[in-house]
Structure formats: structure tokens, C-alpha cells
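Numbering (this note's numbering), first residue to last: 7 to 714.
Accompanying notes for the structure given below.
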């Protein structure tokens with residue numbers, strides 16, 4: 007083994023320029039130190055870290071210290087490059103007076119400082135940062151201080167531009183002939199007041215404000231602020247406008263010659279009737295009070311501001327103190343009988359739809375007669391007729407039924423499949439999933455009629471309430487939103503008296519799809535939240551005497567977290583839905599692997615071109631059924647599933663997967679009429695907040711068929 011102390015190398019120290027004879031110091035291992043001032047070659051040096059420090063030479067820039075490592079049988083070189091340390095600075099004064107009076111202070115490296123006046127050239131200066139400060143001169147504005155960097159063997163120029171400390175202000179009110187008064191204030195308590203056009207010279211620079219004084223019969227311009235810069239000018243223009251205006255009083259109808267009272271500024275008062283016009287009025291706020299006319303509704307008092315050279319119109323529209331009442335029972339072919347009571351003990355009776363014009367304003371109550379086999383609308387609906395308006399009583403008769411029945415269902419045999427495709431939205435990882443139980447799945451999406459019947463039953467039994475635009479849960483003291491019933495696209499409506507009914511005219515977004523109207527009963531229910539879908543399953547369970555599937559508090563878990571063990575109706579799990587959609591052969595779409603067209607599903611072709619533009623009746627695509635005869639597994643509406651939603655579920659095989667728990671978002675599947683074809687794929691899965699609802703989101707039901 008070689009002793010490190012006996013391993014050697016060579017160190018070269020070079021000075022540039024050679025003649026500078028700068029002192030250097032070399033330090034190294036074992037307290038080694040060597041001094042010199044010429045180029046030197048040191049041999050037999052022990053290996054290790056060496057540092058050279060270069061000494062200062064007046065007029066030259068000193069190189070930085072440097073450390074290098076010497077290894078065995080090698081050579082390192084330290085180069086000390088000295089740069090001549092000198093430069094030139096020019097001081098230039100730029101002003102309209104003798105430059106020799108302009109003082110300045112120059113500071114720089116190594117505590118350099120020089121106080122002088124006027125132009126000057128300075129040579130042989132050390133390189134570094136230099137700052138010039140221009141000192142005040144009475145009557146002049148001194149330039150701002152400035153810092154520049156002097157490099158070796160270079161020059162700098164500092165230019166000081168002194169500007170005369172005065173300016174000019176032009177005051178120009180118009181029109182000229184009124185000789186408008188004004189006041190000007192400025193720096194150092196400057197004050198000046200006069201009339202008409204004026205030029206002010208030799209003013210200090212700074213902030214000036216003009217006040218245009220009042221002139222009888224004229225509107226004064228607003229005050230104005232401006233900054234006068236040294237050796238410059240500015241102009242204040244003030245436009246006075248003559249203070250006159252016009253008011254028109256226009257009452258209708260003309261033949262009643264309605265009386266009124268008009269009041270305004272400075273005690274102005276005018277009492278008259280009918281149409282009138284008033285000129286040359288002062289600006290300000292005016293108020294008109296319309297007076298009573300027998301048999302007519304008096305317009306409200308009104309206040310408006312009259313601006314200068316403006317015209318103000320007060321319009322008073324008197325309305326006959328009467329209105330129309332419309333009685334409109336549904337369906338119209340029932341010719342339902344009714345009795346209407348109104349003000350002053352008025353009584354009207356009839357059957358079917360009728361309209362009564364010229365009815366006195368006030369409260370009206372209608373009673374609908376019973377019709378066998380139909381649920382009678384709320385009997386004593388009271389509404390108020392406002393004069394000039396139309397009051398409509400809608401009586402919705404609903405055919406009686408023993409109770410809602412569940413939608414038709416198709417059995418799906420247990421089995422294994424590859425869930426996901428590894429690349430679709432949200433990372434649907436491929437993994438093997440085994441479902442150990444047969445199950446039933448709704449043949450089609452739950453329809454408006456099916457949901458309405460169950461909802462009416464639930465309302466009649468106190469399981470739900472209605473508040474504002476939502477149906478709310480009422481089981482276990484719950485109050486979560488289930489269904490939107492008040493909106494431009496809702497198809498299930500509420501009459502306010504206990505009865506739900508289907509919209510008879512097309513919804514707002516369906517107008518282009520069905521310009522002649524449509525029957526929404528067989529369309530899929532929409533604007534239903536995840537809670538509303540789960541709640542529907544439990545209504546069916548309660549109707550058939552089965553245990554409820556869902557808790558209606560907390561996170562609404564299904565059967566304590568075991569949806570496959572539910573005895574009754576529930577939402578399909580995420581895995582069940584995809585298994586049924588691509589049943590037995592792992593197809594891309596429910597009908598196979600070919601891309602869709604409008605004969606196979608209801609979706610968007612290329613935005614904004616749609617197949618339908620709204621939902622279609624369930625089962626509208628018989629040429630493209632799923633492998634099991636399930637309809638609309640792609641398009642029409644998205645379908646809520648039982649599971650919470652989460653991306654990246656992993657690739658590990660699973661048996662009867664439950665999905666993530668504690669998620670506010672729930673899975674929905676299948677694409678919709680308002681989405682493009684990519685969402686129609688069996689593997690695509692999406693999430694949405696459980697209490698949200700939209701016009702392209704519905705559901706279908708599921709039920710476990712066998713034990714594992």
C-alpha cells in the first residue's frame with residue numbers, strides 16, 4: 007500500500023501580464039503555505055486541495071481566490087489575470103442657463119466622492135457602480151439621481167437636464183359671452199379668481215384645481231384637477247349649459263281626462279288634468295301624483311330627475327277595475343263540473359273550460375265536483391284577481407290507481423367479466439370482476455309516468471313533501487332534494503294542492519325536438535337526484551311490504567354497505583350495470599363494436615347537431631338492443647348507479663365489488679341525448695354530486711335474484 011504522504015504532483019502559478027509582479031499566496035494540506043510574485047512551477051507537491059490568493063495592485067482589478075484539487079502524478083495551474091482598473095466619466099449639464107452653476111455630487115467604489123459644478127470629465131477611475139446626485143438650483147427642477155456601472159477601460163456619461171420651474175395655464179370657459187366666473191387654487195397656497203378667458207404665466211409646477219362658480223340660469227361644469235409640469239402648459243375648459251328643460255304629462259286613456267298634481271324644485275307646483283306639456287323648467291327632481299277616477303285603478307306616484315336641456319315624460323295608465331277569470335279543468339274531455347264563488351257573493355257554475363271577462367277584482371274560490379274513477383283536484387282553491395289581469399284556475403283530474411307497479415325487469419345471470427377498458431374517461435382500469443349472484447335489471451329507464459305514480463303514492467302517505475321547486479324526502483326526518491318540479495324543462499309538475507301531473511305542453515328545450523308537442527309519460531324521468539332515484543326504489547319496497555334498501559340519514563348506505571344482499575328494489579351497482587351492458591362478450595357498445603348512428607341511440611352527433619334534441623320514449627331503438635334485450639343502455643339519459651364515484655379503481659381482481667364509500671359524488675352511466683358518442687361506451691363511467699339533477703340524467707332499477 008502506498009503512503010499518501012509520498013504521492014506527489016506539480017502546481018503551476020502564472021501571472022498575466024507577466025510584468026505585474028503581483029504577490030500571491032498558496033496554501034494546502036498539512037498547513038502548507040508558499041508566497042511569491044512571479045510565475046512559479048512547484049514540483050513534488052503532496053496531493054490534496056490547494057488555494058491561491060492574489061494580492062491587490064493599485065490600478066488593477068484583483069482576480070478572485072481559487073481552490074483546486076491536486077491528484078497523484080498530475081499538474082494543476084492557477085492563472086492570475088489582472089485587468090487594468092481605470093475608466094472615464096463625463097458629466098454634462100443640459101439647461102437653458104449657464105451650466106457652470108449646476109452643482110452635483112458623484113459617489114463610487116472605495117468611498118469615492120466628488121462635489122463639483124458644471125460640465126466635467128473624470129479619468130483614471132476604478133470600475134464599479136457610480137451614483138450622481140443633482141443638487142437643487144433656485145427656479146429650476148433638478149433631474150433625478152442616477153446610478154450606472156463603470157466597466158474597466160470604458161466610459162460613462164451622466165447628463166443632467168435642469169428644467170425651468172414655471173409653466174402656463176389657460177382658462178377657457180364657454181360660451182364666451184357669459185364671462186363665466188371661476189377660482190383656481192394651486193401649490194404653496196396659490197389662489198386666483200376671475201371671469202372669462204384668462205392666461206396665467208410663470209406659475210409654479212404642481213397640482214392645480216379649478217372651481218367653476220355658479221351662474222344664474224346655467225349649469226356649472228364640474229370642478230377639475232390637473233398637474234402642471236415644469237416648462238409646460240395646461241388648459242382648463244368649462245362648458246356652461248343653459249338650465250332649461252321640458253316635462254310632458256301623458257295620461258291614458260285620453261277620454262277620462264285623469265287629474266294629477268306635479269311638484270318640483272324651488273316649490274314648483276302644478277295641478278291639472280289630461281295631457282299637458284311644460285317648457286323652460288328648472289332641472290331637478292319632479293314628482294307626479296295621479297288622482298283617483300271612479301271605476302279605474304290609479305297609477306302609482308312617480309318621481310324622476312329632469313336634466314338640463316332634457317325632456318321628461320310622466321305616463322299614467324289608468325286601468326279599468328276589472329279582469330278575466332279562466333276555468334280550465336284537465337283532461338278537457340271529462341267536462342268536469344265546478345262552482346266559482348267571488349266578491350260581493352257572486353256565484354258562477356259550469357262544466358268544462360270557460361272564460362269570464364270583466365270580472366271585479368278580488369278573491370275567488372273554486373270547487374271541483376267529484377268524477378268516479380278520478381282523483382278530484384283540491385276543492386277550495388282561492389286566488390286573487392288583480393284589475394287588468396287574467397286569473398286561471400287549473401283543475402287537474404288524475405285517474406285513480408291501486409298503487410304503482412315496478413317497471414318490467416330482465417334477469418342477468420351471474421358471471422365474470424373484464425370491467426373497464428384502461429383508457430376511457432377518468433381511467434377505467436381493466437380488472438377482472440366476478441358477480442356471484444343473478445340479478446334483475448330494469449328493461450328500460452324509469453319513465454315519467456312510473457315515477458309520477460310512485461311519487462303521488464309517497465306524497466299521499468306522507469313520505470315526501472314539496473317546498474319551492476323541489477320534492478323533498480320526508481322519511482326518518484330527512485329533507486334531501488329528490489326531484490325538480492318547477493322549471494322550464496320539468497315534465498312532472500305539482501298543482502300546489504296535493505296532486506302531481508304531467509306537463510301537457512312541451513318543455514323549453516324540447517320545443518325544437520317536438521314542435522307539435524309530445525306525450526312525456528313514456529319518456530325517461532329526469533331532473534331527479536341520486537336521492538330521488540334511491541327513494542323510488544324504497545317506495546316500491548314499502549308498497550310490496552319489503553325492507554327498505556337505503557338508510558335515509560347519514561350517507562344513505564344501501565343495506566348497511568351490502569347492496570347485493572338487498573331483498574327488494576335498489577339501484578344497480580357500478581359493476582352490475584357494466585356487466586349487463588356488455589354482457590357475455592366484452593363489447594364496446596351495448597349493440598356491439600361498431601360506432602353508433604342515430605338508428606341505435608339518442609345522442610349528439612357533432613355539436614350542436616343532435617339525433618333528437620331531447621329525450622325519446624323508452625324503447626325507441628329496437629334495432630339496437632343490448633345483449634339481453636335491455637333498451638337505451640346507451641344514450642337518452644345518463645343512469646344513476648348505487649356506487650360512490652372515484653377514478654382509478656385499480657387492476658386487482660374483485661368479487662361483488664362495492665365501490666368507494668363516503669363519496670358525495672355517485673356514478674352515472676350510459677351517455678345521454680345531450681352528450682357525444684364517446685360517452686355511450688359500456689366502460690365509460692362518470693360522477694356527479696348526489697343532490698344534483700339535470701334534464702339528461704335518470705335511472706333504472708335493479709334487484710338481486712339469487713343467493714351467492
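Ideal Cβ positions, reconstructed from N, Cα and C, are used throughout, including at glycine.
Every value quoted in this text rests on a predicted model; they were computed, and no experiment measured them.
- Residue pairing from DSSP places residue 343 in a beta bridge opposite 357.
- For residue 466, the enclosing alpha helix (DSSP H) has its first and last residue at 454–466.
- Ranking 544, 419, 439 by CA distance to the CA of residue 480 puts 544 first.
- With 16 or more other Cβ atoms from the protein chains shown falling within 10 Å of its own Cβ, residue 255 counts as buried.
- Boundaries of the alpha helix (DSSP H) harbouring residue 587: 580–587, taken from the DSSP string.
- Taken atom to atom, the span from the alpha-carbon of residue 696 to that of residue 598 is near 31 Å.
- The C-alpha of residue 202 lies about 19 Å from the C-alpha of residue 231.
- CA-CA distance, residue 477 to residue 488, rounds to 5 Å.
- Non-local beta-carbon contacts of residue 285 in its own chain, meaning distances under 7 Å to residues more than five positions away in sequence, involve 252 in chain order.
- Residue burial is scored here from C-beta neighbours: residue 681 has at least 16 other C-beta atoms within 10 angstroms and is therefore classed as buried.
- Assignment of beta-bridge partners to residue 362 by DSSP yields 331.
- Counting only the Cα atoms, residue 306 lies some 50 Å from residue 456.
- Residue 215 is bridged by DSSP to 191, 231.
- Contact check for residue 437 and residue 667: beta-carbon distance about 18 Å, past the 8 Å limit, so the pair fails to qualify.
- When the five nearest sequence neighbours on each side are left out, the beta carbons in the same chain lying within less than 7 Å of the beta carbon of residue 185 are those of 201, 202, in order along the chain.
- According to the DSSP secondary-structure assignment, residue 336 is paired through a beta bridge with 402.
- Residue 244 places its beta carbon less than 9 Å from that of residue 180.
- CA-CA distance, residue 222 to residue 320, rounds to 27 Å.
- Here residue 574 is near residue 547, since their CB atoms are less than 9 Å apart.
- Residue 458 is positioned such that its CB atom lies closer than 9 Å to that of residue 498.
- Around residue 684, the same chain offers no residue with a beta carbon nearer than 6 Å, after the five sequence neighbours per side are excluded.
- Across the set 206, 640, 610, 708, the C-alpha of 708 shows the shortest separation from the C-alpha of residue 413.
- At least 9 Å separates the beta-carbon of residue 581 from that of residue 556.
- Separation of the CB atoms of residue 59 and residue 30 is rounded to 7 Å, and the pair is thereby assigned contact status at 8 Å.
- DSSP places residue 701 in no alpha helix (DSSP H); its state is neither H nor E.
- DSSP places residue 708 in the strand class (E or B) of the three-state scheme.
- Scanning its chain for C-beta atoms nearer than 8 Å, with the 5 sequence neighbours on each side dropped, one finds around residue 262 the residues 299, 302, 324, in chain order.
- When the beta-carbon positions are compared, residue 531 and residue 704 come within less than 9 Å of each other.
- With a cutoff of 9 Å on beta-carbon distance, residue 238 and residue 290 are scored as not near each other.
- In the DSSP assignment, residue 416 is bridged to 447.
- Secondary-structure assignment with DSSP links residue 693 through a beta bridge to 673.
- Counting along the chain, residue 565 sits inside no beta strand (DSSP E), nor does DSSP assign it H or E at all.
- Here residue 266 really is in contact with residue 278; their C-beta atoms are around 7 Å apart, less than 8 Å.
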